[in-house]
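Position in the sequence shown (from 1) plus 1100 gives the number in this note's numbering.
Ideal Cβ placement from N, Cα and C applies to all residues, glycine included.
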Amino acid sequence: MGLKFKFKLLFTKNEYFYSRFNVTQMIEKEYIEPNEGFSQTVIVKTGNYKTLYISGQIGDGNDLEAQTITTFQNLEKQLTNCSATFKDVVKMNTYIVNFNPEVDLPIFRKVRKVFLGNENYPASTLVGIESLGRKEWLIEIEAIAVIE
1101 MGLKFKFKLL FTKNEYFYSR FNVTQMIEKE YIEPNEGFSQ TVIVKTGNYK
1151 TLYISGQIGD GNDLEAQTIT TFQNLEKQLT NCSATFKDVV KMNTYIVNFN
1201 PEVDLPIFRK VRKVFLGNEN YPASTLVGIE SLGRKEWLIE IEAIAVIE
């Protein structure tokens, strides 16, 4: 009265390729501007490609427009530090405090257009939230970019 089990190994295409041809894929990480508890950017290198994970950036100013401009400037600084540009960004997450779509969305889009242009936008998420890490912060944007 023994139990019988059947196992089926499932591989992704890459796992199958690497296991079949005995190729070792090395992953390297580099931490840019590490702070207490986080890094501004983490670079993950796999083969010839680097994926940049940029922590949420915030800006300065008394209103959403001013903070959005300096937030994008801070994102641009992180990208430049890694030899990347906004054209390399594949995903952005944006968090806006007390988001009012009729008022805040046009402001956000106007500033984003200055930095990202008119086409080929990255995949994006915009979430209205109650608060960020400090009460004076109105917007935070994080990004993922891929470069060779």
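Rounded to the nearest whole angstrom, the C-alpha separation of TYR1131 and LEU1164 is 30 Å. Per DSSP, ALA1166 lies in no beta strand (DSSP E); the unbroken alpha helix (DSSP H) holding it starts and ends at 1164-1181. In this structure, DSSP gives PRO1201 a helical state, which the three-state scheme calls helix. In this structure, GLY1137 lies away from ILE1239, with their beta-carbon atoms at least 8 Å apart.
Here the region 1164-1174 makes no contact with the region 1220-1235; the two share fewer than three CB pairs at distances below 8 Å. With a 10 Å radius around the Cβ and a threshold of 16 neighbouring Cβ atoms, MET1126 comes out exposed.
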